[in-house]
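Asks:
Protein chains: 2
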Amino acid sequence: MRGLAIAASLLLAGCASAPAEMATTPPPPAPPPAEAAKPPVALQYLYGSPEAAVAVRATNARIADYGVWRIKERPKDSVVLAPGATMDAPAFEPCGDKPFAAVFDADETLIWNLGPMRYFAQEGTSFDPKVWDQWEKTGAGKAVAMPGTVEMVSKLRAAGIAVIANTNRSAANAKGSEDTLRAAGLGDFKHGETLFLMGDDAGGSSKDGRRATIASKYCVIILGGDQLGDFSQQFNVKDLPAAQRMALATSATALWDKGWFLFPNPVYGPWEKLGWDDAFPSDKNWEPK
Amino acid sequence: MRGLAIAASLLLAGCASAPAEMATTPPPPAPPPAEAAKPPVALQYLYGSPEAAVAVRATNARIADYGVWRIKERPKDSVVLAPGATMDAPAFEPCGDKPFAAVFDADETLIWNLGPMRYFAQEGTSFDPKVWDQWEKTGAGKAVAMPGTVEMVSKLRAAGIAVIANTNRSAANAKGSEDTLRAAGLGDFKHGETLFLMGDDAGGSSKDGRRATIASKYCVIILGGDQLGDFSQQFNVKDLPAAQRMALATSATALWDKGWFLFPNPVYGPWEKLGWDDAFPSDKNWEPK
Chain A
1 MRGLAIAASL
11 LLAGCASAPA
21 EMATTPPPPA
31 PPPAEAAKPP
41 VALQYLYGSP
51 EAAVAVRATN
61 ARIADYGVWR
71 IKERPKDSVV
81 LAPGATMDAP
91 AFEPCGDKPF
101 AAVFDADETL
111 IWNLGPMRYF
121 AQEGTSFDPK
131 VWDQWEKTGA
141 GKAVAMPGTV
151 EMVSKLRAAG
161 IAVIANTNRS
171 AANAKGSEDT
181 LRAAGLGDFK
191 HGETLFLMGD
201 DAGGSSKDGR
211 RATIASKYCV
221 IILGGDQLGD
231 FSQQFNVKDL
241 PAAQRMALAT
251 SATALWDKGW
261 FLFPNPVYGP
271 WEKLGWDDAF
281 PSDKNWEPK
Chain B
1001 MRGLAIAASL
1011 LLAGCASAPA
1021 EMATTPPPPA
1031 PPPAEAAKPP
1041 VALQYLYGSP
1051 EAAVAVRATN
1061 ARIADYGVWR
1071 IKERPKDSVV
1081 LAPGATMDAP
1091 AFEPCGDKPF
1101 AAVFDADETL
1111 IWNLGPMRYF
1121 AQEGTSFDPK
1131 VWDQWEKTGA
1141 GKAVAMPGTV
1151 EMVSKLRAAG
1161 IAVIANTNRS
1171 AANAKGSEDT
1181 LRAAGLGDFK
1191 HGETLFLMGD
1201 DAGGSSKDGR
1211 RATIASKYCV
1221 IILGGDQLGD
1231 FSQQFNVKDL
1241 PAAQRMALAT
1251 SATALWDKGW
1261 FLFPNPVYGP
1271 WEKLGWDDAF
1281 PSDKNWEPK
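Structure representation (structure tokens):
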């Protein structure tokens, strides 16, 4: 799963600074499929546990409640950072009298990709971009809306808030992704209007440009995602402790649960480059006698 | 990690119905330590990622805000279910004029157990109750308060809300756990007053009896934990889909983020018994051509 997760995070999260480093690291030897009597714990937790279902549904409930509350009085600004703005000096795209929108990542934010996640884990293979490309094209019906997501999306739309997806799925596979979201029960997402994909602009895996495009047409009151790159590309730095400091800065703290909403995803992410001493500070090492 | 997680969930979560089944399942062969160039993804995410830090700190902020708001008007009831009450017919312990309290699990709710989690994963060993027993005795200084937990605990105490831990650590190791919480910067927890442990009553790993004891002395406005057993023993049934239905019932939904607060923990839990078809419904199976 380690190889899967690293590659998936690059593809799905658009961690701009990581690929050079990652590409030189050979994937660890895949365990023989026979060993995998059960899914890896991260997959058991996210896709199967009552705890994750409760956490995701509660996040969706917070989003819906927030959206309905937020538009009672028109906000001055979107929650999309203006070009060049940082968490030290935050500035936001203006709302004007634009229509309201909520912008979400797709993968592990609106839908769980059960089909390929089981396939990769069960085969013991690394993430394979060619397989993922097929998944984008043919996955309709094999991905599911996350717990409470159908209700959340319906509540926002009923309140007059446009629901938009901004994902690093490929623009070349727009129809497959539209079909996948519709088959999951999430209604219509239309490429170029309510579905923004990698390849729509020259920004590659950075979602900043697409966010700016959306914010030029909408007053964005909500951003939702499973990785920090779903909120601002500035978090996609190689130095994860620096990303963490930015994400925990006062200006960011003012946004979490108040415009910015984060879903749990322990299955893949930019954090997969963390080594033992990164995840576990050495002054906390302990062993039994 | 699978063996670790299963055994840890039994010990820490008190999944009453699982041990009989688990005890007969041999642990999977441990991978050779040389393979583990990096921690398993679940550990990277929980203990190292900016995303988990943001999610945990936001949860702590919600708890502190909720606590301060909740005591402005005295509630009629605690958020502790009355004996025999179910999610179908919820009933709660009365508040009367008792002092306010917030009750938390300890492990992966107030503190991250960095010492033994790294040790188990790096050694490639299963969870070992003897090692864990040593950890409870000697871990002070090697566990850390989770992001935002020190601030959350301080805010509650400053508002006059007692902060109480109800954990399945052993009563025999009370001093070690008191020392561990204090060394993590969380202040004083005193066994029998603000620290309740497995062995305090005849309930074993069920926390219901200890919750009732606490609710007899306090108006409990907050329960916090990483597993459903931290809220009610009724969730610790063998049938996880049934537990999930109960946890997503309307009566429970009314409590999540409004008295009941759940922290992410993809590292261990009762859900580790899930097989492939449990975590991934077979009608979502997919493979590339």
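Each protein sequence line maps, in turn, to chains A and B. Counting in our numbering, the first sequence runs from 1 upward without gaps. Counting in our numbering, the second sequence runs from 1001 upward without gaps. Yeah, the Cβ is synthetic: ideal placement off N, Cα and C, and Gly gets one too.
1) Taking only three categories from DSSP, how would you classify Val267/A?
2) What does DSSP give as the partner residues of Phe261/A in its beta bridges?
3) Would you give the residue range spanned by the alpha helix (DSSP H) that Thr149/A belongs to?
4) In three-state DSSP terms, what is Thr1250/B?
5) With a threshold of 6 Å on Cβ separation, who are the neighbours of Ile161/A within its own chain once the five nearest residues in sequence on each side are excluded?
6) Measure the alpha-carbon distance for Asn1113/B versus Trp69/A and round it to whole angstroms.
7) Label Gly1204/B either buried or exposed according to how many other C-beta atoms from any shown protein chain fall within 10 Å of its C-beta, with 16 as the threshold for buried.
8) Let me see if you follow: with CB-CB separation under 7 Å, is Ala23/A close to chain B or not?
9) Run through chain B and tell me which residues come within less than 7 Å of Glu151/A, C-beta to C-beta.
10) Can you confirm whether Gln1134/B, when its beta carbon is compared against all beta carbons of chain A, has any partner nearer than 7 Å?
11) Hey, which unbroken runs of the beta strand (DSSP E) at 3 residues or more fall wholly within the segment 1173 to 1232 of chain B?
12) For Ser1078/B, is the classification buried or exposed, using 16 other Cβ atoms within 10 angstroms of its Cβ as the cut-off for buried?
13) Would you kindly work out how many angstroms separate the C-alpha atoms of Ala247/A and Leu228/A, rounded to a whole number?
14) When the Cα atoms are used, what is the spatial distance from Asp1239/B to Asp1278/B?
15) Is there a C-beta anywhere in chain B that falls below 7 Å from the one on Pro26/A?
16) State yes or no: is the C-beta of Val1080/B within less than 7 Å of the C-beta of Arg1211/B?
17) By Cβ distance below 6 Å, which residues in the same chain neighbour Gln1233/B in space, the five residues on each side in sequence not counted?
18) Leaving out five residues before and five after Gly1148/B in sequence, what residues of the same chain have Cβ atoms less than 7 Å from its Cβ?
19) Counting only C-beta atoms, is Gly104/A closer than 7 Å to chain B at any point?
20) Please report how far the alpha carbon of Met117/A lies from the alpha carbon of Pro50/A, in whole angstroms.
21) Looking at the unbroken beta strand (DSSP E) that takes in Ala1102/B, where does it start and where does it end?
22) Cβ atoms of Ala42/A and Pro1266/B: under 7 Å apart, would you say?
23) Alpha carbon to alpha carbon, how far is Val1144/B from Asn285/A? Give it in angstroms, no decimals.
24) Ends of the beta strand (DSSP E) at Phe92/A?
25) Could you give the DSSP three-state label for Ala82/A: helix, strand or coil?
26) Between the segment 1163 to 1182 of chain B and chain A, which residues of the former have CB atoms less than 7 Å from a CB of the latter, in chain order?
Replies: Quick look at the numbers:
1) coil
2) Gly224/A
3) Residues Thr149 to Ala158.
4) helix
5) Its chain contains Gly67, Phe100 and Ala102 as the residues whose beta carbon lies nearer than 6 Å to that of Ile161/A, once the 5 sequence neighbours on both sides are disregarded; these appear in chain order.
6) 39 Å
7) Counting Cβ neighbours within 10 Å, Gly1204/B comes out exposed, since fewer than 16 surround it.
8) Because Ala23/A carries a pLDDT of 36, less than 50, the predicted location of this residue cannot be relied on, and the following value inherits that uncertainty. Taking Cβ atoms only, chain B never reaches closer than 7 Å to Ala23/A, which makes this a no.
9) Correct list: empty, because the minimum Cβ distance to chain B is about 11 Å.
10) yes
11) 1195 to 1198 and 1219 to 1225
12) Per the 10 Å Cβ criterion, buried.
13) 8 Å
14) Going by the C-alpha atoms only, they are around 11 Å apart.
15) Its pLDDT being 44, under 50, Pro26/A is placed unreliably in this model, and the coordinates cannot settle the point.
16) yes
17) Ser1206 and Asp1208
18) Scanning its chain for C-beta atoms nearer than 7 Å, with the 5 sequence neighbours on each side dropped, one finds around Gly1148/B the residues Val1056, Arg1057, Asn1060 and Ala1061, in chain order.
19) Inspection of the sequence shows that residue 104/A is occupied by Phe rather than by Gly. So no, Phe104/A is outside the interface.
20) 19 Å
21) Phe1100 to Phe1104
22) yes
23) Whole-angstrom Cα-Cα distance: 12 Å.
24) For Phe92/A, the uninterrupted beta strand (DSSP E) run begins and ends at Phe92 to Pro94, by DSSP.
25) coil
26) Against chain A - using a Cβ distance shorter than 7 Å - the segment 1163 to 1182 of chain B contributes no residues.
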